[in-house]
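Protein sequence lines correspond, in order, to chains A and B. The numbering used here numbers the first residue of the first sequence as 1 and each following residue consecutively. The numbering used here numbers the first residue of the second sequence as 114 and each following residue consecutively. Down below is the structure, laid out as structure tokens.
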Amino acid sequence: MPVITARWLGLGAAFLALGLALPAYADDGGIVIVIKGGHFVPSEVPVPAGQKVKLIVRNQDSTMSEFESTDFHREKAVPPGGEITVFVGPLDPGSYEFFDDFHPEDRGHLVVK
Amino acid sequence: MLATLIIVFREVLEAGLVVGIVLAASRGVPRRGLWISGGCAAGLLGAVLVAGFAGEIASAVEGFGQELFNASILFAAVCMLGWHNVWMSRHGREMAADATKIGRDVLDGTRPLYALALVCGIAVLREGSEIVLFLYGIALAGGSSAASMMIGGAFGVVAGAASGAAIYYGLLTIPLRYLFGVTSWLILLLAAGMASSGAAFLAAADVLPALGNNLWDTSFILTEQSLGGQLLHVLIGYTARPEGIQIVFYVATLLAIGSLMRVFRHVPAPVSENGSPARQLAE
Numbered sequence: 001m002p003v004i005t006a007r008w009l010g011l012g013a014a015f016l017a018l019g020l021a022l023p024a025y026a027d028d029g030g031i032v033i034v035i036k037g038g039h040f041v042p043s044e045v046p047v048p049a050g051q052k053v054k055l056i057v058r059n060q061d062s063t064m065s066e067f068e069s070t071d072f073h074r075e076k077a078v079p080p081g082g083e084i085t086v087f088v089g090p091l092d093p094g095s096y097e098f099f100d101d102f103h104p105e106d107r108g109h110l111v112v113k
Numbered sequence: 114m115l116a117t118l119i120i121v122f123r124e125v126l127e128a129g130l131v132v133g134i135v136l137a138a139s140r141g142v143p144r145r146g147l148w149i150s151g152g153c154a155a156g157l158l159g160a161v162l163v164a165g166f167a168g169e170i171a172s173a174v175e176g177f178g179q180e181l182f183n184a185s186i187l188f189a190a191v192c193m194l195g196w197h198n199v200w201m202s203r204h205g206r207e208m209a210a211d212a213t214k215i216g217r218d219v220l221d222g223t224r225p226l227y228a229l230a231l232v233c234g235i236a237v238l239r240e241g242s243e244i245v246l247f248l249y250g251i252a253l254a255g256g257s258s259a260a261s262m263m264i265g266g267a268f269g270v271v272a273g274a275a276s277g278a279a280i281y282y283g284l285l286t287i288p289l290r291y292l293f294g295v296t297s298w299l300i301l302l303l304a305a306g307m308a309s310s311g312a313a314f315l316a317a318a319d320v321l322p323a324l325g326n327n328l329w330d331t332s333f334i335l336t337e338q339s340l341g342g343q344l345l346h347v348l349i350g351y352t353a354r355p356e357g358i359q360i361v362f363y364v365a366t367l368l369a370i371g372s373l374m375r376v377f378r379h380v381p382a383p384v385s386e387n388g389s390p391a392r393q394l395a396e
């Protein structure tokens with residue numbers, strides 16, 4: 001597992017940069033988070049405060065993931081190659097952690113402003 | 114291996130605690146072992162089925178099949194726990210007063226064991242399907258690490274089951290006179306916590322409004338991801354940063370089950386309606 005992690009780390013970082021550069025909004029207004037190489041891309045997700053948002057989580061890895069947050073109470077399995085949608089909020093400004101319950105070292109935050 | 118152990122342990126822990134409490138609540142009831150283990154076995158079978166059809170469930174109901182399925186089985190469990198408690202408030206005192214005679218002979222035949230079996234089945238189904246998905250993914254990936262991760266998973270199951278056994282034997286140290294009072298409270302809080310989780314699933318699917326978030330934030334004291342936080346989450350529905358709708362469902366469940374227990378509470382009559390229980394008591 002450490003070898004795999006190391007190999008994907010670079011790729012993950014590259015995608016992270018790409019993710020930050022690209023707008024995070026999908027066509028239908030959802031905010032897209034991609035699981036790629038065992039990382040959330042982007043890992044810091046800007047979210048507008050005070051409005052309900054639609055999160056779209058895409059799993060581009062070959063393993064099962066579970067998008068979970070105890071900060072905003074969401075829990076949803078994301079099959080490999082699949083995507084899920086969850087509604088979140090309206091949230092107050094602040095930072096809300098989420099993680100992959102099946103790969104708990106993979107974490108990110110909704111940064112609500 | 115350790116990572117796998119911990120992930121599986123945390124899932125099994127939740128089901129283990131529920132089964133442990135249910136077993137304590139049904140202490141002394143004949144054939145409860147058959148019912149509870151039957152419920153768990155059915156839950157396990159259901160877990161494999163749910164995991165197998167995870168894709169279909171996820172894409173059902175416009176992509177919110179998972180949430181609606183989870184919310185449905187959680188609310189079913191809440192109803193069963195509530196029914197058990199109402200039943201117990203009707204008969205529990207007689208049982209505790211004379212566990213040997215009335216408890217075994219008269220009342221146990223009608224005790225809602227099916228309700229408790231269903232609750233165990235649902236707990237095993239919910240956590241089990243996640244474990245199956247998780248371990249299946251590992252097995253599918255194969256490689257040298259898969260075997261050691263599977264061993265970790267097996268240890269996780271053992272550790273989680275041991276926690277359930279610990280709460281069961283812990284509860285058994287309570288004198289029988291108080292035991293069912295304690296288990297009724299535990300089951301009431303368990304039900305309220307499940308209702309709160311169910312409400313969060315419905316908010317995720319946009320069926321219910323969230324009604325605010327962070328009604329309080331106690332994550333600096335105890336996060337839900339810590340072991341203590343997770344224990345409290347399962348047992349009493351502890352939530353570090355709750356949504357409004359969760360609190361509404363939590364309180365409503367407490368009030369609903371609590372008032373039903375009060376309405377149907379058995380008032381012990383000194384000379385009862387010339388029924389057989391009175392005669393048995395007199396013996």
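Beta carbons are placed, not taken as given, at the ideal position from N, Cα and C, and that holds for glycine.
- When rounded, the separation of the alpha-carbon atoms in A:V41 and B:I349 is 35 Å.
- Less than 8 Å divides the Cβ of B:G152 from the Cβ of B:C233.
- In the three-state scheme derived from DSSP, where H, G and I count as helix and E and B as strand, A:F99 is classed as strand.
- For B:A323, the CB contacts under 8 Å within the same chain, skipping 5 residues up- and downstream, are A316, E356, G357 and I358 in chain order.
- The DSSP assignment places complete alpha helix (DSSP H) segments of no fewer than 4 residues inside the region 136-220 of chain B at 145-165, 167-176 and 178-210, in order along the chain.
- By the Cβ neighbour-count rule, B:H379 is exposed, with fewer than 16 other Cβ atoms within 10 Å of its own.
- Under the 10 Å beta carbon count, A:G38 is surrounded by 16 or more other beta carbons and is classified as buried.
- The criterion of a C-beta distance shorter than 8 Å is satisfied by B:V131 and B:L303.
- One finds D71 in chain A with Cβ atoms closer than 7 Å to the Cβ of B:R354, taken in chain order.
- Looking only at A:P79, A:L91, A:G94 and A:D92, the smallest Cα-Cα distance to A:N59 is reached by A:P79.
- Boundaries of the beta strand (DSSP E) harbouring A:E83: E83 to V88, taken from the DSSP string.
- Within the region 263-319 of chain B, complete alpha helix (DSSP H) segments of at least 4 residues are found at 289-317, given in chain order.
- Taken in chain order, the members of the region 248-264 of chain B whose beta-carbon sits within less than 9 Å of a beta-carbon on chain A are Y249, G250, I251, L253, A254, G256, S258 and M262.
- C-alpha of A:S95 to C-alpha of B:G195: approximately 37 Å in a straight line.
- Counted as a single uninterrupted DSSP element, the stretch harbouring B:H379 is not any beta strand (DSSP E), since DSSP gives it neither H nor E.
- Collapsing the DSSP output to three states places A:E75 in a strand.
- Taking A:V47 as the centre and dropping the five residues before and after it, the same chain places the C-beta of V53, L110 and V112 closer than 6 Å to its C-beta, in chain order.
- At least 8 Å separates the CB of B:T286 from every CB of chain A.
- Under a criterion of Cβ atoms nearer than 8 Å, the residues of chain A adjacent to B:I120 are, in order, D101, F102 and P104.
- The beta-bridge partner set that DSSP reports for A:E66 consists of A:A77.
- In this structure, the alpha-carbon of B:S310 lies about 19 Å from that of B:G176.
- Within the region 188-200 of chain B, not one residue has a Cβ closer than 7 Å to any Cβ of chain A.
- The alpha carbon of A:E75 has as its nearest neighbour, out of A:V34, A:S43 and A:V57, the alpha carbon of A:V57.
- Against A:A49, chain B offers no close residue; the least beta-carbon distance is about 10 Å (beta-carbon pairs closer than 9 Å).
- Counting every other CB atom within 10 Å of its CB across the protein chains shown gives B:R354 a total of 16 or more, marking it as buried.
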